[in-house]
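Below is one structure, written out as structure tokens; the observations come after it.
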Amino acid sequence: MRKTKFVAIVLLLALFIPFLQGCGPKATGENGQGKEPEKPTEIHIGVYEPMTGASASGGQMTWEGIQLANEMHPEVLGQTVRLHLEDNKTDKTEAANAVTRLIDQKNVVAIIGSYGSSLSIAGGEVAKNKEIPVVGCSPTNPLVTQDNPYYFRVCFIDPFQGKVMAKYASENLNAKTAVIIRNVQDDYAVGLANYFKEAFIQLTGDDKCVLAELEYNTGDQDFTAQLTQTASLAPDVVFAPGNYGDSALMIRQARSLKITAPFLGGDTWEAPEFIEIGGVDVEGATLSTHYSVQATGTDASKAFVDAYKAKYNKEPNAFAALGYDAYLMILDAIKRANSAEPAAIRDALAGTKDFKGVTGTITMDENRDANKSAVILQVKDGAFQYLTTVEPF
Amino acid sequence: MQLSMFFQHLANAISLGSLYSLVAIGYTMVYGILRLINFAHGDLLMLAAYIVYYGRGMFHLPWVPSILLAILLTAAIGIIVERSAYRPLRDSPRTTILISAIGVSFLVENLGLVLFGGRPQPFPLPVFFDSGSAQEIGGVRIENVTFAIPVVTLVLLYVLLHIVHRTKTGMAMRAVAKDFDTARLMGIDVNRIVATTFAIGSALAAVGGIMWGMKFPQINPLMGMMPGMKCFIAAVFGGIGNIQGAVIGGFILGVAEIMIVAFLPSISGYRDAFAFVILIGTLLLRPTGLIGEKVAEKV
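Chains as they are written, first to last, in this note's numbering: chain A, 1 to 393; chain B, 394 to 692.
Okay, here's the thing in structure tokens:
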């Protein structure tokens with residue numbers, strides 16, 4: 001009796017498993033029915049992005065851009081391009097699993113992803129071993145493409161982003177001292193913080209201009225201990241690269257502890273949740289990112305913005321634009337290679353030159369990185385306002 | 394370290410510690426009565442936060458009804474969970490129920506991802522707790538919510554102790570805790586008592602979730618994982634099954650976490666590891682916790 005009941009419950013729970021996977025709002029995506037028999041007239045491109053977890057917002061915005069690009073350009077070499085989405089759940093292990101599934105089960109010839117440098121580094125290792133090219137949309141840590149001939153990206157890298165923010169702090173805000181608060185488990189935050197520090201020391205000419213480097217962990221919600229210390233050091237600026245949700249909570253707590261110094265961050269802050277969660281407290285927070293609709297753009301940019309607004313009824317941000325560019329750059333490579341073989345795509349991607357993307361002109365350098373300008377945004381009246389564009393220097 | 398800075402750290406620590414205590418008492422109460430670690434406790438906390446979020450945001454309910462609704466609904470969900478996942482296994486080995494509890498936790502988390510979506514949402518705040526609502530006492534800044542949480546914790550502690558020790562239901566609960574079968578033979582409706590225990594435990598999780606949302610106004614379907622883990626540690630540290638112990642355990646954990654970052658900033662990245670070191674240390678050196686029962690567990 002007891003046993004049958006137990007078996008019944010296990011079976012009942014087992015029933016939920018396909019239900020959960022089938023119903024996940026975007027877990028498999030609109031175009032993600034990968035179980036159909038393979039047709040030779042289709043080219044499969046994989047996408048691994050954080051659709052759930054702490055970085056869900058970033059992943060979903062990127063996915064919107066990729067889907068839009070696929071709708072506008074559904075064919076290459078006379079074949080239909082099929083997208084397969086895997087959720088990496090903002091988890092390094094899941095990121096590696098997602099790439100494995102895309103390659104082994106969906107037979108993709110190229111992959112797009114992922115928001116989050118840590119996730120991209122984990123996924124890149126698998127792609128490298130299986131020799132499938134990957135184009136990253138927004139992972140900005142240099143390690144993502146380093147020693148990985150199969151990883152490319154359409155964004156700038158953190159040494160540049162760190163310099164941009166250090167320059168902004170020192171020249172525009174006239175800051176002489178800074179405190180850095182970073183997530184130690186996030187390769188992106190650790191890297192960006194280091195590059196900021198290097199550049200800030202160079203600009204101020206003072207070894208001790210960074211008064212303290214404070215740390216927290218993924219999932220932390222209480223930053224009062226780090227902030228109390230920050231308050232006692234009274235820096236001119238606080239540089240706090242990290243996830244938009246964590247950072248918004250941190251800035252809230254900082255304001256209630258009466259820290260008035262401006263908070264600076266990187267591209268991960270650009271998410272509607274940053275403002276929704278931070279409320280009035282994030283007013284004045286300043287960040288660097290890849291693209292802004294408010295900056296004067298190219299023709300490609302205008303077509304993208306119009307199509308995006310028509311489809312999603314809102315303004316696109318940098319991540320949607322980068323997702324769009326990553327997809328089109330792969331299509332461009334397939335066209336030039338005149339082949340949908342992974343090796344041929346990889347070689348064509350490496351030769352990408354003057355590709356006209358929405359976020360700027362993209363040329364792959366020898367490290368498979370794009371050398372591009374950055375824009376600086378500031379939160380004002382509950383929205384991200386464009387301040388300026390910074391060319392590579 | 395300046396004195397005012399130390400007091401600021403202390404205020405932060407009390408704020409965090411009382412929040413841990415609040416969630417830990419629900420954990421420990423269910424364990425104390427049923428000898429069951431309800432791993433879904435943190436996820437019930439998440440559900441309550443979402444009910445308030447939808448009640449306020451979608452149905453524009455005033456604060457009091459939306460909070461009451463969250464508490465009642467979460468209590469009802471707690472009863473359903475007990476009915477469907479724990480009661481059928483009541484006579485099974487304890488490990489089986491434990492695994493079932495983990496299953497419920499995963500189920501609720503994933504249902505949350507399906508229903509609410511993976512993106513974090515801002516938790517609505519009453520004006521009294523909203524940003525900028527802080528008091529300054531002798532150079533120490535204390536958010537209003539920091540005053541509210543210990544008060545809520547202590548009131549609930551008192552109510553809970555009153556229920557368990559001074560009411561007929563409480564007496565029945567204690568009898569069920571001692572011996573299921575004998576309690577049944579004495580005419581106690583065991584099923585009703587267990588359901589009541591779960592309802593109270595879930596209502597406590599709901600209050601914990603609402604206060605958690607007020608202190609950290611960002612909610613997502615996986616927000617219950619860390620509180621669940623930390624407060625489990627607090628409950629074990631205080632002596633699992635002991636309600637006062639959970640309050641003390643929560644406070645000590647909160648104070649320790651803040652102070653480790655305050656005094657040893659170089660190892661602040663290991664803050665979570667520290668909580669687990671406390672757990673392992675407690676289990677090795679004093680498995681019954683600080684003020685836990687002295688009797689050996691019959692597992």
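Every residue gets a Cβ at the ideal spot worked out from N, C-alpha and C, and that includes glycine.
query                                                                                                                                                                         : result
By how many angstroms is the C-alpha of A/Ala320 removed from the C-alpha of A/Gly123?                                                                                        : 20 Å
Which residues in the same chain as B/Ser661 place their Cβ atom closer than 6 Å to its Cβ, once the five residues preceding and following it in sequence are excluded?       : Val654
Quick check on B/Pro513 - is its C-beta less than 7 Å from some C-beta in chain A?                                                                                            : yes
Whole angstroms is fine: what's the gap from B/Phe499's alpha carbon to B/Ala598's?                                                                                           : 17 Å
Any beta-carbon of chain B closer than 7 Å to the one on A/Ser221?                                                                                                            : One detail in the question is off: residue 221 of chain A reads as Gln in this sequence, not Ser. For A/Gln221, the answer is yes, since a Cβ of chain B falls inside 7 Å of its Cβ.
For the region 654-683 of chain B, list every residue whose C-beta sits within 7 Å of some C-beta in chain A, in sequence order.                                              : Val654, Ala655, Pro658, Ser661, Gly662, Arg664 and Asp665
Using 10 angstroms around the beta-carbon of A/Pro149, count the other beta-carbons present and answer buried if the total reaches 16, otherwise exposed.                     : exposed
Is the beta carbon of A/Tyr48 less than 7 Å from the beta carbon of A/Val99?                                                                                                  : yes
Rounded to whole angstroms, what is the Cα-Cα separation between A/Leu257 and B/Gln611?                                                                                       : 19 Å
Among A/Ser247, A/Ile66 and A/Lys197, which has the Cα closest to the Cα of A/Leu408?                                                                                         : Nothing can be reported for residue 408 of chain A: it is not among the residues displayed for chain A, which extend from 1 to 393.
Quick one: using the 10 Å Cβ neighbour count with 16 as the cut-off for buried, is A/Pro392 buried or exposed?                                                                : exposed
Between A/Leu387 and A/Ala248, what straight-line distance do the alpha-carbon atoms span, to the nearest angstrom?                                                           : 20 Å
Among residues of its own chain, excluding the 5 on either side of B/Ile464, which ones have a beta-carbon nearer than 6 Å to its beta-carbon?                                : Ala596 and Ala599
Within the chosen definition, does the region 54-61 of chain A reach the region 499-519 of chain B through at least 3 CB pairs nearer than 8 Å?                               : yes
Got a sec: is the Cβ-Cβ distance from B/Ala576 to anything in chain A below 7 Å?                                                                                              : no
Residues of chain A with a CB under 7 Å from the CB of B/Met619: which are they?                                                                                              : Gly219
Would you mind working out which of A/Thr140, A/Asn141 and A/Ser114 sits nearest A/Pro133, comparing C-alpha positions?                                                       : A/Ser114
Would you mind listing the alpha helix (DSSP H) stretches within the region 145-232 of chain A that are 4+ residues and don't spill past its ends, in chain order?            : 158-167 and 187-204
According to DSSP, B/Ile603 sits in a beta bridge with which residue or residues?                                                                                             : None; B/Ile603 has no bridge partner.
Going by C-alpha to C-alpha distance, which of B/Ile556, B/Lys623 and B/Asn613 sits closest to B/Gly594?                                                                      : B/Ile556
Between the alpha carbons of A/Asp347 and A/Ser339, how many angstroms are there, rounded?                                                                                    : 11 Å
Name the DSSP beta bridge partners of A/Met364, please?                                                                                                                       : A/Ala370
Taking buried to mean at least 16 other C-beta atoms within 10 Å of its own C-beta, is A/Asn183 buried or exposed?                                                            : buried
Which residue from B/Tyr663, B/Ala668 and B/Phe573 puts its Cα closest to that of B/Pro620?                                                                                   : B/Ala668
Which residues in chain A sit within 9 Å of B/His402, going by Cβ to Cβ distance?                                                                                             : Thr224, Ala225, Thr228 and Gln229
Between A/Leu257 and chain B, is any beta-carbon pair separated by less than 7 Å?                                                                                             : yes
Tell me which residues share the same chain as A/Gly29 and place their Cβ nearer than 6 Å to its Cβ, disregarding the 5 neighbours each side in the sequence.                 : Confidence at A/Gly29 is low in this model, with a pLDDT of 42, below 50, so the placement of that residue should be treated as unreliable; the coordinate-derived value is given next. Only Leu85 meet the Cβ criterion.
For B/Leu429, count the other beta carbons within 10 Å of its own beta carbon; 16 or more makes it buried, fewer makes it exposed. Which is it?                               : buried
Short of 6 Å in beta carbon distance, which residues of its chain neighbour B/Pro543, apart from the five on each side in sequence? Order them along the chain.               : Ser411
Let's see if you can read the secondary structure: which residues bound the beta strand (DSSP E) around B/His555?                                                             : Note, B/His555: premise wrong, no beta strand (DSSP E); alpha helix (DSSP H) at Asn537 to Arg559.
To the nearest angstrom, how far is the alpha carbon of A/Gln79 from that of A/Asp332?                                                                                        : 14 Å
Pull the bridge partners of A/Ser117 from the DSSP assignment, please.                                                                                                        : In the DSSP output, where bridge partners are listed per residue, A/Ser117 has none listed.
With 7 Å as the limit, tell me which residues of the region 51-64 of chain A have their beta carbon closer than that to any beta carbon of chain B; keep them in chain order. : Met51, Thr52, Gly53, Ala56, Ser57 and Gln60
For A/Val293, which residues of its own chain have a beta-carbon under 6 Å away from its beta-carbon, when the five flanking residues on both sides are left out?             : Val305 and Glu315
Using only CA atoms, which one of A/Ala318, A/Ala370 and A/Ile330 lies nearest to A/Ile376?                                                                                   : A/Ala318
What residue range does the beta strand (DSSP E) around A/Asp87 cover?                                                                                                        : Gln79 to Asp87
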